[in-house]
Amino acid sequence: MPNKLRVLLSQARRHNLRALSLAAVILAGVAMTGCASNQASQPLGSASGVEPFAVQPHFSVKWRRGIDAPPHWSVKPREFSTPLYRSETDEVYVGSDAGSLFKMRGGNGEVLWTASLDGAVHGSVVYGGGRVYVGTLGGKFYALNEATGEVEWELELDGSIESTAVYAEERVFFTTSKDILTAADAATGKQLWTYGRSTPEYFTIKGSGDPVVEDGVVYCGFGDGVLAALQLDSGDMIWESDLSGGKTEFVDVDGHVTVSGSRVYAASYDGGVYAIDKSDGTHIWKRPMSGVADLVYGERTLYVATASGRVTALEAEDGSPAWSYKFEDEAPVAITATQLYLFISTAQGPLYTLDRLTGFPFMTWNPSNGFNTPMVLSKNGGFAYSNRGFLYHLDIAF
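Each residue of the sequence shown is one higher than the one before, counting from 36 in the numbering used here.
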């Protein structure tokens, strides 16, 4: 739907959607408790004259927990492990650059167990079959007992593991910095198959492709700008799609890959954003964009963060732009989309909140040294993991 029509939705529909979002996405906030930070959110406003669709939200911090916080003299601390929240148990898992893995209660931040791993954790934890799985920069991939944190098995591989694994059909799939996708038995760690591509000799972007599984097919991006579709059982190639846009450097397909209907949406860092036919890998449309840091799909719209300091909304149908917001000084690195809002993480600055339908900037929240991970929604707010090593549980009020 064109953006102008969205903005002109009736007032009644606005109220209905807001009510639905409150119930289905995140609940209204409460006052701060415990030892939480007292950092207030700062309103922004806009000089463009665009009217927001949603109402102004407000953050309050329910609790804050230090996760292997770096020394105070660290100049540019960084944390890259996106928290995993399990709503069924109200538990949250998060790794650290210091090589630890934490399990906590979502409600109060109580630490239930910790595990020391062989290297920094930059990928997110994934859950499946009573275990949690995660890789490290030391090149090991771990399966830990979800209840106790004890290591059940581990694999040592060639290359670091920065990707987030995916669990499907009693298997786990993950990639290494050597551009090798591995399928392993989730219960035993036995390697079932691998698929590899030649590691580019030219410059690439930090990170690896995160595999996605849909209908018995594994989709995964690689550093040479290729998106591959593989048979889940065997690793046999179904198709490969070149997303490099004819370029030879910085063409990594490391961002989110989304499967929706008959299409796959993916981006190459400098090759642009693509809609791809799921059946054969042909390009349906391409939107040239440079420095793509994150790509998120929601409500028939693609939201793109770029290193140039811009977040752009594209119509999923044809790739046409709906709106674009330019940050003054920060570079957006991660996006979380809800029905009403976009929460935008910036690597060295605050967490931004934008109106999802119009891009109107509502506010910023800046407790410490920026965020390299997206906000993770919970049943009563969201979790934000700062580069200073603090995990915040936020209540969000409207």
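Every residue gets a Cβ at the ideal spot worked out from N, C-alpha and C, and that includes glycine.
From a predicted model like this one, the values you see are computed outputs, not experimental measurements.
- Taken in chain order, the complete beta strand (DSSP E) segments of 3 or more residues contained in the region 281-341 are 293-295, 298-303, 307-312, 318-322, 327-333, 336-341.
- In this structure, residue 116 lies near residue 130, with their beta-carbon atoms less than 9 Å apart.
- The straight-line gap separating the alpha-carbon atoms of residue 390 and residue 396 is approximately 6 Å.
- Apart from the 5 residues on each side of it in sequence, residue 183 sits with its Cβ closer than 7 Å to the Cβ of 148 in its chain, given in chain order.
- Two segments are said to touch when three or more pairs of C-beta atoms, one from each, lie closer than 8 Å; by this definition the region 244-253 touches the region 264-283.
- Here the region 344-363 makes no contact with the region 399-408; the two share fewer than three CB pairs at distances below 8 Å.
- Looking at the DSSP output, residue 167 sits in a beta bridge with 162, 179.
- Of the candidates 381, 138, 314, 314 places its Cα closest to the Cα of residue 298.
- Taking the Cβ atoms as the reference, residue 260 lies roughly 6 Å from residue 288, within the contact range of under 8 Å.
- The beta carbon of residue 169 sits closer than 7 Å to those of 130, 136, 156, 158, 160, 177, all from its chain and outside the five residues before and after it, given in chain order.
- Buried is the label assigned to residue 97, since at least 16 other Cβ atoms lie within 10 Å of its Cβ.
- Boundaries of the beta strand (DSSP E) around residue 101: 93-101.
- The alpha-carbon separation between residue 296 and residue 337 amounts to approximately 14 Å.
- By the Cβ-count criterion, residue 356 is exposed, with fewer than 16 other Cβ atoms from all chains shown falling within 10 Å of its own Cβ.
- Excluding residues up to 5 positions away in sequence, 127, 141, 411, 413, 418 lie with their Cβ nearer than 7 Å to the Cβ of residue 120 in the same chain.
- In the three-state reduction of the DSSP assignment, residue 151 falls in the strand class.
- Residue 359 and residue 306 have their C-alpha atoms spaced approximately 19 Å apart.
- With contacts defined by Cβ atoms closer than 9 Å, residue 365 and residue 381 form a contacting pair.
- Here residue 214 carries a coil assignment [DSSP, helix/strand/coil].
- Comparing C-alpha distances from residue 404 to each of 423, 394, 322 shows the shortest one belongs to 423.
- Contact between residue 353 and residue 290 fails: their C-beta atoms lie close to 20 Å from each other, not under 8 Å.
- Burial is judged here by how many other beta carbons sit within 10 angstroms of a residue's own beta carbon; residue 407 has at least 16 and is buried.
- If only complete runs of 3 or more residues are kept, the region 368-420 shows the beta strand (DSSP E) at 376-381, 386-390, 396-400, 411-413, 416-420, in order along the chain.
- If you look at residue 428, you'll find it in the beta strand (DSSP E) that goes 425-432.
- From the listed residues 232, 202, 210, the smallest Cα separation to residue 222 is found for 202.
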